[in-house]
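Chemist: I have a structure I would like to understand better, so I am pasting it below and will then ask my questions one at a time.
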Amino acid sequence: CCSIYLFGLSHLCLFLTPAGASRCAPGFYSLKGSRKPCQRCPFGRTTADDVSKQRLYTDCYVRPGFGLVSSIGNTTDGTGYLTNSGSLTDAAAAVMPVGECPIGYWGAGLSIRGVCTQCPTGSTTDEIARTAVDQCASE
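Below, the structure is given as structure tokens:
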């Protein structure tokens, strides 16, 4: 699970420096001020490669190509994916499940409240988990 310069035990990854473990690898976080092992972000989420942005579970943002999934299933487009997360708090969004954006949608990610956005009328994506509107092509 860990890349070069990382030490892994089971589900944990620590970044090793000459001084020892100093930060978590991208995709992991550790409570601020804690010397406890790094915790993996939930599926479809990651963290920045910056120790100051790996301190809380709310630092696990939605990965590009993914979006928040409504746990109650009442979405306007019937996909189960939220297309607007404006009313959510960061804490609420951080515990919501995420999934790969379906065909016809794209997700920029890089936000705690990342959503899947529908392609413009008359266009779609050729695969799931697309990351930008320019990946929507005419049908």
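For the sequence shown, the numbering used here gives the first residue as 95, with consecutive numbering after it.
Glycine residues also receive a C-beta, built at the ideal position from the N, C-alpha and C atoms.
Could you tell me the boundaries of the beta strand (DSSP E) in which V192 lies?
Modeler: V192 to E194
Chemist: Below 8 Å on the Cβ atoms is my guess for A202 versus P158; work out the distance and round it to an integer in Å.
Modeler: 6 Å
Chemist: In the DSSP output, what is Q212 paired with across the bridge?
Modeler: Y199
Chemist: Does G193 pass the burial test, meaning 16 or more other C-beta atoms within 10 Å, or should it be called exposed?
Modeler: buried
Chemist: Quick check: what's the CA-CA separation for S232 versus T219?
Modeler: 9 Å
Chemist: Classify T152 as helix, strand or coil using the three-state DSSP reduction.
Modeler: Under the three-state reduction of DSSP output, T152 falls in the helix class.
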